[in-house]
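>
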Amino acid sequence: MRETLSFKAVRAVVLTVITGIVLLPLYVVLVSSFKPLRDVSGPFTWLPETFTIEPYIQMWSTIPLAKYLFNSLIVTTLSTALALVIAVLAAFALARLRWRGQRSFSLLVLSTQMFPGILFLLPLYLIFTQIQRTIGIQLNGNYAGLIITYMTFSVPFATWMLMGFFASIPDELEEAAMIDGTTRLGAFLRVVLPVVRPGIVAVGVFTFLNGWGEVLFASVLTTSDTRTLAVGLQAFSSQVDVRWNEMMAASIVISLPVLIAFLLVQRHLVQGLAAGAVK
Amino acid sequence: MSTLIQEARPSTPAGPPAKGNQPTRRRRRRNVLPYVLVLPALIAELFIHIIPMGLGIWIAFLSLNQLSIRNWINADFIGFTNFLNGLNPTTAIGSQFFGTLGRTAVYTVLVLGFSWALGTAAAYFLNARFRGRAVLRTLYLLPYALPVFVSAIAFAFMFNQRDGIINKILVDDLHLFADRPFWLIGSNAFVVLVIASIWTTWPFAFLLQLAALQTVPEDVYEAASLDGAGRIRQFFDVTLPMIRASNVVMLLLMFLATFNQFTVPFVLFGPSAPSESLLISPLIYQFSFGTWNFGLGGAVSTMLLVLLFVVSLIYIRLVMPKERIRRA
Chain D
8 MRETLSFKAV RAVVLTVITG IVLLPLYVVL VSSFKPLRDV SGPFTWLPET
58 FTIEPYIQMW STIPLAKYLF NSLIVTTLST ALALVIAVLA AFALARLRWR
108 GQRSFSLLVL STQMFPGILF LLPLYLIFTQ IQRTIGIQLN GNYAGLIITY
158 MTFSVPFATW MLMGFFASIP DELEEAAMID GTTRLGAFLR VVLPVVRPGI
208 VAVGVFTFLN GWGEVLFASV LTTSDTRTLA VGLQAFSSQV DVRWNEMMAA
258 SIVISLPVLI AFLLVQRHLV QGLAAGAVK
Chain R
16 MSTLIQEARP STPAGPPAKG NQPTRRRRRR NVLPYVLVLP ALIAELFIHI
66 IPMGLGIWIA FLSLNQLSIR NWINADFIGF TNFLNGLNPT TAIGSQFFGT
116 LGRTAVYTVL VLGFSWALGT AAAYFLNARF RGRAVLRTLY LLPYALPVFV
166 SAIAFAFMFN QRDGIINKIL VDDLHLFADR PFWLIGSNAF VVLVIASIWT
216 TWPFAFLLQL AALQTVPEDV YEAASLDGAG RIRQFFDVTL PMIRASNVVM
266 LLLMFLATFN QFTVPFVLFG PSAPSESLLI SPLIYQFSFG TWNFGLGGAV
316 STMLLVLLFV VSLIYIRLVM PKERIRRA
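Those sequence lines, one after another, are chains D and R.
Going by this note's numbering, the first sequence opens with residue 8, and the numbers climb by one from there.
Going by this note's numbering, the second sequence opens with residue 16, and the numbers climb by one from there.
(1) Quick one: complete alpha helix (DSSP H) runs, 4+ long, within the segment 53-86 of chain R?
(2) Roughly how many angstroms separate the alpha carbons of R/G285 and D/R197, rounded to a whole number?
(3) Would you call the segment 293-300 of chain R and the segment 228-243 of chain R touching, i.e. three or more CB-CB distances under 8 Å?
(4) Which residues of chain R have a Cβ atom closer than 7 Å to the Cβ of D/I155, listed in chain order?
(5) Grouping DSSP H, G and I as helix and E and B as strand, with all else coil, what is R/V231?
(6) By how many angstroms is the C-alpha of D/V199 removed from the C-alpha of D/L192?
(7) What residue range is occupied by the uninterrupted alpha helix (DSSP H) comprising R/D188?
(8) I need the DSSP call for D/F249, collapsed to helix, strand or coil.
(9) Would you give the residue range spanned by the alpha helix (DSSP H) that D/W67 belongs to?
(10) May I ask you to list the residues that DSSP assigns as paired with D/T229?
(11) I need the straight-line Cα distance from R/Q37 to R/F62, nearest angstrom please.
(12) Below 8 Å on the Cβ atoms is my guess for R/A137 versus R/Y155; work out the distance and round it to an integer in Å.
(13) So if I threshold CB-CB distances at 7 Å, which residues from the segment 266-281 of chain R count as touching chain D?
(14) Roughly how many angstroms lie between the CA atoms of R/N182 and D/T57, to the nearest whole one?
(15) Which complete alpha helix (DSSP H) runs does the segment 188-216 of chain D hold, if anything under 4 residues is left out?
(16) Could one say the Cβ of D/M121 lies closer than 8 Å to chain R's Cβ atoms, at least one of them?
(17) Considering just the uninterrupted stretch of the alpha helix (DSSP H) at D/K74, what are its terminal residues?
(18) Using only alpha-carbon positions, find the residue among R/S327, R/G201 and R/A314 that is nearest to R/G109.
(19) Select from R/N80, R/L157 and R/Y330 the residue whose C-alpha is nearest the C-alpha of R/L222.
(20) Around the Cβ of R/N175, are there at least 16 other Cβ atoms within 10 angstroms (buried) or fewer (exposed)?
(21) Could you give the distance in angstroms between the alpha-carbon of D/L228 and the alpha-carbon of D/A237?
(22) In angstroms, rounded to a whole number, what distance separates the CA positions of D/V285 and R/H64?
(23) So if I threshold CB-CB distances at 9 Å, which residues from the segment 281-294 of chain R count as touching chain B?
(24) For the alpha helix (DSSP H) holding D/E181, just list the boundary residues, first then last.
(25) Spell out a yes or no on whether the segment 82-96 of chain R and the segment 180-195 of chain D are touching, meaning 3 or more CB-CB pairs, one atom from each, closer than 8 Å.
(26) Identify, in the order they occur along the chain, each residue of the same chain with its Cβ nearer than 8 Å to the Cβ of R/N308, setting aside the five sequence neighbours on each side.
(27) Put D/S39 into one of helix, strand or coil per three-state DSSP.
(28) Measuring straight from C-alpha to C-alpha, what distance separates R/V51 and R/I72?
(29) Do R/V206 and R/Y391 come within 8 Å of each other at the CB atom, strictly closer than that value?
(30) What first and last residue would you give for the alpha helix (DSSP H) that runs through D/I138?
(31) Which of the three DSSP states, helix, strand or coil, is assigned to D/W244?
(32) Which chain R residues sit within Cβ distance under 7 Å of D/A209?
(33) To be precise: take each residue of the segment 68-87 of chain R, compare its Cβ to all Cβ atoms of chain D, and keep it if any distance is under 7 Å. Which residues remain?
(34) Out of curiosity, what's the CA-to-CA distance linking D/D232 and D/G218?
(35) Closest Cβ-Cβ distance between D/A18 and chain R: below 8 Å?
(36) Does the CB of D/T189 have a neighbour CB from chain R at under 8 Å?
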């Protein structure tokens, strides 16, 4: 449709307001990360009075940031990898094969992702405590408990998204490979999987993002040794002072990699999300 | 490759391929294959979702406190006592529960409403091509990709009473208040909670709305504009009905995520939120890990589970097109 002048004016106003809303917190975080503690502990200034990169150096010694980063990396990477393998297999069975119980299983997968984490927190905590009491395997307070929890919480959504990607590949592709004597699974692994790789990467990034930012389970299932970034960053705020500048610097450092990863794959993610929601 | 997906997408259902029988040569082996493939997912679902959900209901009937929690399997069965404590509005716990439920409902409506409006407006205006569109699109996705706890930390800093930018603008620049108001305690905390939640939530609506708008063919608008419909009429009579299906699902997902919001209040206020801004998930957390009354926490969890289930079911029955329910 032709764009009238008044339409363009309304668009300019609306988009300017929204851009302002989005930019303000981002700007505050960025500018505060370059201020000395003295500056962030007084009335806010739009520009640093003294520009410094000191917070980016100091933040590593104020709190055990490197340890938290390491913990987050271990937990999130392993849970994402496991969730992807499980979800790829399940999504293949759901999207490409026909079997008894298929509908019930997909309903199960869909419905569990509807329920909030808080409902599972107490029982999981109790189960983990009991497992430790009876068979001596520790799950509270170490990586394992958090990894299997994150993994399981990611499986339904990842399966759901991957199903959409798999279903979009024509059957003929697999059939051609099967004529050459490959098995169904072999054809899937060698033919279908490479084609939907961007989709799988996108789902992986999304899963990683979820684990990276998870607070609820991390706040209960970790100890000071296994604390992840999502709860560890609070330590910049102590009884004595709040190191806002270092907290902002740390926020930027731990967000930048996931932001870049997200922006690289977001096109595929949008397609998957849209397909899921439109279905 | 991406165009392949894009083209095949809108019409492809998630279900199994419509093709019937495949070559029977390996029928026996293939009959086992699907079950082997879903086994890991099934085991994970069973141990982390199904069994805990059942246990979550069971502990609501137990007397669990700091002492009995270590040996919870042998805790006393006390029937509906926890539920009666939680549901009796004349007791402190009961009134806190109902107050929190009502507050959470108001919070959800506000966050959902504003997020939907912002997301829809942004997607609508970014749907047509113009200079700077790609930059804005990327920018608007940033809050979605940013970990929620980082956004919440940013808002805690911005609304800080002494050093925050909000009080600088409102008090120092605009002189709206004589004294710097406290934002993170008392009744103001609810305002901050809503604002921070909208900031983290609306890009999801934007993302899905953007994708949905791309499925509306251009010629529908042309036809409508030939009929003399203006832009606003077109939006309400053409655009909205055509993206209704994806909006129905989107609002359900956003409702479930928002009603159970935990991260934003937890980072803004710490483990014990001011009572004026307490939401249902943090309330369960407080009952359970603050006062170590897991039985009460379990009872409130169970009531939340039933509530979410009933609301979702009613919603699906009311607004989802019939054929969609069957396909799901």
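Backbone N, C-alpha and C define an ideal beta-carbon position, used for all residues, glycine too.
Fair warning: this is a prediction, and the values are worked out from it, not measured in the lab.
Straight from the coordinates:
(1) If only complete runs of 4 or more residues are kept, the segment 53-86 of chain R shows the alpha helix (DSSP H) at 66-74, in order along the chain.
(2) Annotation: R/G285 to D/R197 spans about 49 Å, alpha carbon to alpha carbon.
(3) Two segments are said to touch when three or more pairs of C-beta atoms, one from each, lie closer than 8 Å; by this definition the segment 293-300 of chain R does not touch the segment 228-243 of chain R.
(4) The contacting residues are I63.
(5) Here R/V231 carries a coil assignment [DSSP, helix/strand/coil].
(6) Between D/L192 and D/V199, the alpha-carbon positions lie close to 10 Å from each other.
(7) Boundaries cannot be given for R/D188, as no alpha helix (DSSP H) includes it and DSSP labels it neither H nor E.
(8) Looking at the sequence provided, one finds Val at residue 249 of chain D rather than Phe. D/V249 falls in the strand class under three-state DSSP.
(9) If you look at D/W67, you'll find it in the alpha helix (DSSP H) that goes E61 to T69.
(10) Bridge partners of D/T229: D/G148.
(11) Legend: pLDDT at R/Q37 = 47, less than 50; position of this residue unreliable, no value from coordinates given.
(12) 6 Å between Cβ atoms; contact.
(13) Residues of the segment 266-281 of chain R with a Cβ closer than 7 Å to any Cβ of chain D, in chain order: L271, N275, F277, T278 and F281.
(14) The straight-line gap from Cα to Cα measures roughly 22 Å.
(15) Restricting attention to alpha helix (DSSP H) runs no shorter than 4 residues, the segment 188-216 of chain D encloses them at 191-194, ordered along the chain.
(16) Taking Cβ atoms only, chain R reaches closer than 8 Å to D/M121, which makes this a yes.
(17) Start and end: L72 to R103.
(18) The shortest C-alpha separation from R/G109 is found at R/A314.
(19) Residue R/L157 is the option with its Cα nearest to R/L222.
(20) With 16 or more other Cβ atoms within 10 Å, it is buried.
(21) Approximately 13 Å between the Cα atoms of the pair.
(22) Caution applies to D/V285, whose pLDDT of 45 falls short of 50 and renders its modelled position unreliable; the value that the coordinates give is listed next. Separation of D/V285 and R/H64 (C-alpha to C-alpha, rounded to the nearest whole angstrom) is 26 Å.
(23) Absence of chain B from the displayed structure is noted, the protein chains being D and R.
(24) Where D/E181 is concerned, the enclosing alpha helix (DSSP H) stretches over D178 to I186.
(25) Cβ pair count under 8 Å is below three, so no.
(26) Excluding residues within five positions, the ones whose Cβ falls inside 8 Å are L79, N80 and F302.
(27) D/S39 falls in the helix class under three-state DSSP.
(28) Their backbone Cα atoms lie some 31 Å apart in a straight line.
(29) Limits of chain R in this structure are 16 at one end and 343 at the other, which puts residue 391 of chain R out of reach.
(30) Counting along the chain, the alpha helix (DSSP H) containing D/I138 begins and ends at I125 to I142.
(31) With the sequence shown as reference, residue 244 of chain D is identified as Ser, and Trp is not the correct amino acid for it. In this structure, D/S244 counts as strand in the three-state DSSP scheme.
(32) Near D/A209 there are no residues of chain R at all, since even the closest Cβ is about 10 Å away, more than 7 Å.
(33) For the segment 68-87 of chain R, residues whose beta-carbon sits nearer than 7 Å to a beta-carbon of chain D comprise M68, L70, G71, I74 and W87.
(34) Cα-Cα distance, rounded: 18 Å.
(35) Note on residue identity: the sequence assigns Arg, not Ala, to residue 18 of chain D. When Cβ-Cβ separations below 8 Å define contact, D/R18 makes contact with chain R.
(36) By the rule that beta-carbons nearer than 8 Å mark a contact, D/T189 does not touch chain R.
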